[in-house]
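Novice: Mind having a look at this structure? Questions to follow.
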Amino acid sequence: MTAQNKETYLESMNEEYKQKHYPEGSVFKAHKKAMKGVNAGLGLFFMGAFLAGSIAGLVWSINRTLEIIRDKEENMLGVGIGISVFFLLLVAVFGVAVFFITKDIRKTVDDWIRVAAKAGGLEEQEIREFDKQAMGSDSLILNHLGKLKSFTTGQKRGILTRDYICLYGGNMPCVLKLSRLTQAYIKDNTYYVKVGKTRKQAHYLTIHLMTEDKKTAWAETSREAARALQEELESRCPGIDTAGGSVLPG
1 MTAQNKETYL
11 ESMNEEYKQK
21 HYPEGSVFKA
31 HKKAMKGVNA
41 GLGLFFMGAF
51 LAGSIAGLVW
61 SINRTLEIIR
71 DKEENMLGVG
81 IGISVFFLLL
91 VAVFGVAVFF
101 ITKDIRKTVD
111 DWIRVAAKAG
121 GLEEQEIREF
131 DKQAMGSDSL
141 ILNHLGKLKS
151 FTTGQKRGIL
161 TRDYICLYGG
171 NMPCVLKLSR
181 LTQAYIKDNT
191 YYVKVGKTRK
201 QAHYLTIHLM
211 TEDKKTAWAE
221 TSREAARALQ
231 EELESRCPGI
241 DTAGGSVLPG
């Protein structure tokens, strides 16, 4: 891949990008803010509304079941119990969802750093060092997808620094140390979409990284962006396995 083409997918960190995406000069401060943002608020609102509705349904179904018992309508008792169990399950599901959304919203920057350290098999100080390096002019922005597809999929751009790489799989920044990387594979993932009365297979590519201690990070990507990253990692991490740029089954 030519240097000019590579720059499309590996863009140097610049002040404009930092001001837009990391105004406080920190990956994890930006992540904390995002977790408290509009999407999190809407998610909490809707889950809370569903939880309230489920609780109301549970109370109604229990009262109805008690009425059935009081009126000795044995033939309807099973229906009443079944409806009560259904609403109880909904309360449990939405209750757990609200708990985890609230838990994430309450996390501090230090909490997110601890989460990232555990996920990447690193010390908290190493994550803080990555956070400092990420804002340097020598770090690279990883443009995995075009702007439109990034918007529709929610895939955030990663960051490659002198010593670390950060990919956003599942919207969480996952940081790995370059010196520990052993694999960088392109994988073809499949899922099914319903078209009319049939289910059709669809595909998307991801870049998967793995370290010597089996810690992983991934991000959705285009083939060209993945190859650019693989070539960059090959130059920095001697011996890293990229399967020759082949696309492997997910």
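Position one of the sequence shown corresponds to residue 1 (UniProt numbering), numbered consecutively onward.
For every residue, glycine included, the Cβ atom is placed at its ideal position computed from N, Cα and C.
1. Pull up the DSSP beta-bridge partners for threonine 206, would you.
2. Return helix, strand or coil for aspartate 241, following the three-state DSSP convention.
3. Looking only at its own chain, which residues have a Cβ that is under 7 Å from the Cβ of methionine 47, when we skip the five neighbours before and after it?
4. Arginine 162 and threonine 211: beta carbons closer than 8 Å?
5. Give the secondary structure of lysine 200 by DSSP, where H, G and I count as helix, E and B as strand, and everything else as coil.
6. DSSP state of methionine 172, grouped into three classes?
7. Could you give the residue range of the beta strand (DSSP E) that holds leucine 160?
8. Please look up how many angstroms separate the CB atoms of alanine 119 and isoleucine 159, rounded, as I've assumed it's under 8 Å.
9. Which residues in the same chain as glycine 25 place their Cβ atom closer than 8 Å to its Cβ, once the five residues preceding and following it in sequence are excluded?
10. When you compare each of Tyr164, Leu122, Leu148, Leu145 to aspartate 138 by their alpha carbons, which one comes out closest?
11. Who pairs with tyrosine 192 in a beta bridge, going by DSSP?
12. What number of angstroms, rounded off, separates the C-alpha of glycine 245 from the C-alpha of glutamine 183?
13. Find the nearest neighbour of leucine 44 within the set Val27, Lys103, Leu233, judged by alpha-carbon distance.
14. Check whether the Cβ atoms of lysine 132 and lysine 32 sit closer than 8 Å, and answer yes or no.
15. What is the rounded straight-line gap between the Cα of alanine 92 and the Cα of isoleucine 62?
16. Smallest Cα separation from lysine 156: which of Leu248, Ile127, Val27?
17. For the candidate residues Leu89, Phe87, His208, whose alpha-carbon lies nearest to that of alanine 243?
18. Could you check whether glutamate 11 and isoleucine 141 sit closer than 8 Å to each other, using their CB atoms as the reference points?
19. Just to confirm the assignment: which complete beta strand (DSSP E) runs, minimum length 3, are found wholly within the region 57 to 116?
20. Measure the Cβ-Cβ separation of isoleucine 127 and alanine 116 and say whether it is below 8 Å.
21. Between leucine 178 and valine 247, how many whole angstroms is the CB-CB distance? I'm expecting something under 8 Å.
22. Run the CB neighbour count on asparagine 143, radius 10 Å, all protein chains shown included, and call it buried at 16 or more, exposed below.
Specialist: A quick look at the data gives this:
1. Here the question's residue 206 lines up with position 206 in the sequence shown. Bridge partners of threonine 206: Lys187, Glu220.
2. Taking the first residue of the sequence shown as 1, we reach residue 241 at position 241. Note: aspartate 241 maps to strand in three-state DSSP.
3. As a working mapping, residue 47 is identified with position 47 in the sequence shown. The answer, listed in chain order, is Phe94, Ala97, Val98, Ile101.
4. Mapped onto the sequence shown, residue 162 falls at position 162. Mapped onto the sequence shown, residue 211 falls at position 211. No, Cβ-Cβ distance for arginine 162 and threonine 211 is not below 8 Å.
5. Here residue 200 refers to the residue found at position 200 when the sequence shown is read from its first residue. Three-state result, lysine 200: strand.
6. Here residue 172 is taken as the residue at index 172 of the sequence shown, counted from 1. In the structure shown, methionine 172 sits in a strand (DSSP, three-state: E or B).
7. The residue labelled residue 160 in the question sits at position 160 within the sequence shown. Element bounds for leucine 160: 158 to 160.
8. Along the sequence shown, one-based indexing puts residue 119 at 119. Along the sequence shown, one-based indexing puts residue 159 at 159. Wrong, their Cβ atoms sit about 16 Å apart, outside the cutoff.
9. Counting from 1 along the sequence shown, the entry for residue 25 is found at position 25. For glycine 25, same chain residues with a beta-carbon under 8 Å away, outside a window of 5 residues either side, are Lys18, Met135 in chain order.
10. Residue 138 sits at position 138 when you count from the first residue of the sequence shown. Nearest C-alpha to aspartate 138: Tyr164.
11. Within the sequence shown, the letter at position 192 stands for residue 192. According to DSSP, which records beta bridges pairwise, tyrosine 192 is partnered with Gln201.
12. For the purposes of this step, residue 245 is taken as residue 245 along the sequence shown, with counting starting at 1. For the purposes of this step, residue 183 is taken as residue 183 along the sequence shown, with counting starting at 1. Rounded to whole angstroms, glycine 245 to glutamine 183 spans 11 Å at the Cα level.
13. Translated into positions along the sequence shown, residue 44 becomes position 44. Ranking Val27, Lys103, Leu233 by Cα distance to leucine 44 puts Lys103 first.
14. Within the sequence shown, residue 132 is the residue found at index 132, counting from 1. Within the sequence shown, residue 32 is the residue found at index 32, counting from 1. Not a contact, by the Cβ cut-off of 8 Å.
15. For this step, residue 92 is matched to residue 92 along the sequence shown. For this step, residue 62 is matched to residue 62 along the sequence shown. Cα to Cα, the separation comes out at about 16 Å.
16. Locating residue 156 in the sequence shown gives position 156, where the first residue counts as 1. Comparing Cα positions, the closest option is Val27.
17. Taking the first residue of the sequence shown as 1, we reach residue 243 at position 243. Relative to the Cα of alanine 243, the nearest Cα in the group Leu89, Phe87, His208 belongs to His208.
18. Position 141 of the sequence shown, counted from the start, is the residue given in the question as residue 141. Position 11 of the sequence shown, counted from the start, is the residue given in the question as residue 11. Yes.
19. DSSP runs (the beta strand (DSSP E)) wholly in the region 57 to 116: none.
20. In the sequence shown, the residue the question calls residue 127 occupies position 127. In the sequence shown, the residue the question calls residue 116 occupies position 116. Against a cut-off of 8 Å, the Cβ pair of alanine 116 and isoleucine 127 comes out as a contact.
21. On the sequence shown, residue 178 is found 178 positions in, with the first residue counted as 1. On the sequence shown, residue 247 is found 247 positions in, with the first residue counted as 1. Leucine 178 to valine 247, Cβ: 23 Å. No contact.
22. As a working mapping, residue 143 is identified with position 143 in the sequence shown. Looking at its Cβ environment, which holds 16 or more other Cβ atoms inside 10 Å, asparagine 143 is buried.
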